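Just so you know, the sequence shown maps onto residues 293 to 529 in our numbering.
Where is the CB? At the ideal position from N, CA and C, for every residue including glycine.
The structure presented is a predicted model; accordingly, all values stated were derived computationally and were not measured.
For reference, the structure discussed in these notes is given below.
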Amino acid sequence: MAKKQENVLIDGQVSIWEIDKTIKKGNDKPVIKLENKEIKIDNIDQTKIIAKYKTYENLNRIIGYVGGALGIEIKYKDRFETIYVNKKGEEEFVINKKSSVLPWDKIIYFREDLKINNIQKEKIKKIKGQALKRPGDENIIFNQGNKVISVIENGWILEYDNIKIVELEKYKKINVNSINQDFKKTLKLGNIVETEYKDEIIQGKVVHIYNNGYTCNIIEGNRYIPIPICGIRQVIA
Numbered sequence: 293m294a295k296k297q298e299n300v301l302i303d304g305q306v307s308i309w310e311i312d313k314t315i316k317k318g319n320d321k322p323v324i325k326l327e328n329k330e331i332k333i334d335n336i337d338q339t340k341i342i343a344k345y346k347t348y349e350n351l352n353r354i355i356g357y358v359g360g361a362l363g364i365e366i367k368y369k370d371r372f373e374t375i376y377v378n379k380k381g382e383e384e385f386v387i388n389k390k391s392s393v394l395p396w397d398k399i400i401y402f403r404e405d406l407k408i409n410n411i412q413k414e415k416i417k418k419i420k421g422q423a424l425k426r427p428g429d430e431n432i433i434f435n436q437g438n439k440v441i442s443v444i445e446n447g448w449i450l451e452y453d454n455i456k457i458v459e460l461e462k463y464k465k466i467n468v469n470s471i472n473q474d475f476k477k478t479l480k481l482g483n484i485v486e487t488e489y490k491d492e493i494i495q496g497k498v499v500h501i502y503n504n505g506y507t508c509n510i511i512e513g514n515r516y517i518p519i520p521i522c523g524i525r526q527v528i529a
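Given below as structure tokens:
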């Protein structure tokens with residue numbers, strides 16, 4: 293059975309509740325070590341459960357956790373909510389945050405792909421190897437043989453020893469410079485964009501683009517906010 297919410301050690305990482313783990317922190321680089329852990333998530337019939345939640349208009353993602361439970365991620369205008377559904381299909385609890393995903397979790401469903409943010413882009417510049425990302429997953433991983441490095445949404449760098457990456461075939465190589473160039477080419481005045489500002493997810497209208505296309509100003513309500521182009525999550529319209 294899943295542990296209570298107050299035992300969560302990594303912000304947003306719902307699925308680690310199913311795993312025996314040792315976490316060490318230092319230099320913003322927590323290390324998670326797994327030893328001889330067989331990873332299975334397909335041990336229950338999830339068809340009916342998934343079909344039920346797919347009828348939700350604001351369903352954002354469905355995550356298949358390592359122990360067979362599901363995370364039903366709901367997106368509201370200014371926040372996320374995750375419903376934890378156990379192996380029996382019972383809703384155990386709800387947390388008021390997005391469900392981050394670990395390398396052994398499956399992305400069963402996602403409404404839209406998640407973009408990497410400015411913090412992650414700065415972090416991955418310092419890591420050797422090829423950055424990889426799968427659709428619907430905000431994390432970036434580096435597969436280094438018996439060690440996997442993951443840069444999660446808040447910028448933490450996690451290291452996993454001796455694990456199996458599920459859905460490895462879905463991961464694609466990413467290039468930070470090309471992502472920035474794509475936004476520079478496509479972003480226009482008047483676009484409605486989504487970004488994160490002071491721990492809020494906000495949407496605003498682009499009213500000024502400058503700094504050779506790397507920075508823009510948006511209006512959200514009564515606020516006039518400068519943001520880097522690479523900090524834009526997505527263009528809404």
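So, N435 versus G523, is the Cβ gap smaller than 8 Å? For the purposes of this step, residue 435 is taken as residue 143 along the sequence shown, with counting starting at 1. For the purposes of this step, residue 523 is taken as residue 231 along the sequence shown, with counting starting at 1. Using a Cβ distance threshold of 8 Å, N435 and G523 do not count as a contacting pair.
Per DSSP, T487 is paired with what? Locating residue 487 in the sequence shown gives position 195, where the first residue counts as 1. T487 is bridged to I494, I524.
Counting along the chain, where does the beta strand (DSSP E) carrying E365 start and finish? For the purposes of this step, residue 365 is taken as the residue at position 73 of the sequence shown. Per DSSP, E365 belongs to the beta strand (DSSP E) from 362–367.
Since V527 and I510 should fall inside the 8 Å C-beta cutoff, what is the C-beta to C-beta distance between them, to a whole number of angstroms? Start at 1 with the first residue of the sequence shown, and residue 527 comes out as number 235. Start at 1 with the first residue of the sequence shown, and residue 510 comes out as number 218. Contact doesn't hold; Cβ gap of about 11 Å is too wide.
contact_flag[the segment 416–427, the segment 372–387] where n(CB pairs < 8 Å) is 3 or more: The segment 416–427 makes no contact with the segment 372–387: fewer than 3 CB pairs, one atom from each, lie closer than 8 Å.
Which residues DSSP lists as bridging K425, in chain order: Counting from 1 along the sequence shown, the entry for residue 425 is found at position 133. Looking at the DSSP assignment, K425 forms a beta bridge with K464.
Sequence-distant residues of its chain with Cβ nearer than 6 Å to P427 (five each side left out): Counting from one through the sequence shown, the residue named residue 427 turns up at place 135. Result list for P427: D405, in chain order.
From which residue to which residue does the alpha helix (DSSP H) around T347 run? Within the sequence shown, the letter at position 55 stands for residue 347. Counting along the chain, T347 falls outside any alpha helix (DSSP H), and DSSP gives it neither H nor E.
Which residue from I400, K340, E512, T487 puts its Cα closest to that of V458? As a position in the sequence shown, residue 458 is number 166, starting the count at 1. The candidate whose alpha carbon is nearest that of V458 is I400.
Just to confirm, are I444 and N454 a CB contact at a threshold of 8 Å? Counted from its first residue, the sequence shown places residue 444 at position 152. Counted from its first residue, the sequence shown places residue 454 at position 162. When the beta-carbon positions are compared, I444 and N454 stay at least 8 Å from each other.
Helix, strand or coil, according to DSSP, for N328 in the structure here? If you number the sequence shown from 1, residue 328 lands on position 36. Bear in mind that a pLDDT of 34 at N328, under 50, signals an unreliable position, so the number given afterwards is only what the model happens to contain. DSSP places N328 in coil when its eight states are reduced to three.
Between which two residues does the alpha helix (DSSP H) carrying K418 extend? Taking the first residue of the sequence shown as position 1, residue 418 is located at position 126. Counted as a single uninterrupted DSSP element, the stretch harbouring K418 is not any alpha helix (DSSP H), since DSSP gives it neither H nor E.
Between the CA atoms of H500 and I331 - distance to the nearest angstrom: Within the sequence shown, residue 331 is the residue found at index 39, counting from 1. Within the sequence shown, residue 500 is the residue found at index 208, counting from 1. At I331 the pLDDT is 38, less than 50, meaning the model places this residue with poor confidence and gives no usable figure here.
Mind reading off the beta-carbon distance from I354 to P395? Whole number of angstroms is fine, and I expect it under 8 Å. Here residue 354 refers to the residue found at position 62 when the sequence shown is read from its first residue. Here residue 395 refers to the residue found at position 103 when the sequence shown is read from its first residue. The Cβ separation is near 17 Å, so there is no contact.
What residues match up with V377 in a beta bridge as DSSP calls it? Working through the sequence shown from its first residue, we reach residue 377 at position 85. In the DSSP assignment, the residues bridged to V377 are L362, E383.
Going by DSSP in three states, N438 sits in which element: helix, strand or coil? Locating residue 438 in the sequence shown gives position 146, where the first residue counts as 1. Here N438 sits in coil by DSSP.
Can you pull the DSSP bridge partners for N509? For this step, residue 509 is matched to residue 217 along the sequence shown. Note: N509 sits in a beta bridge opposite H500, P518.
For I342 and N378, the rounded distance between their alpha carbons: On the sequence shown, position 86 is the one that residue 378 refers to. On the sequence shown, position 50 is the one that residue 342 refers to. Going by the C-alpha atoms only, they are around 13 Å apart.
Does the Cβ-Cβ distance between Q412 and G363 come in under 8 Å? On the sequence shown, residue 412 is found 120 positions in, with the first residue counted as 1. On the sequence shown, residue 363 is found 71 positions in, with the first residue counted as 1. Cβ distance not < 8 Å, so Q412 and G363 don't count as in contact.
Assigned exposure category for I308 - 16 Cβ within 10 Å defines buried: Position 16 of the sequence shown, counting from 1, holds the residue named residue 308. In this prediction, I308 has a pLDDT of 42, which is less than 50 and means its spatial position is unreliable; what the coordinates show is noted afterwards. So I308 ends up on the buried side.
On a CA-only basis, which of T339, K415, N352 is nearest F372? Give me that one, please. As a working mapping, residue 372 is identified with position 80 in the sequence shown. Nearest option by C-alpha distance: N352.
Using a threshold of 8 Å, state whether the C-beta atoms of I494 and C508 are closer than that. By 1-based counting over the sequence shown, the position of residue 494 is 202. By 1-based counting over the sequence shown, the position of residue 508 is 216. No, the pair does not count as a contact, with Cβ atoms beyond the cut-off.
When we look at the beta-carbon of L460 and count the other beta-carbons within 10 Å, is it buried (16 or more) or exposed? Residue mapping note: residue 460 aligns to position 168 of the sequence shown, counting from 1. By the neighbour-count rule (16 or more Cβ atoms within 10 Å), L460 is not buried but exposed.
Shortest alpha-carbon distance to E349 belongs to which of E512, K497, R403? The residue given as residue 349 occupies position 57 in the sequence shown. Looking at the Cα atoms, R403 is the closest of the given residues.
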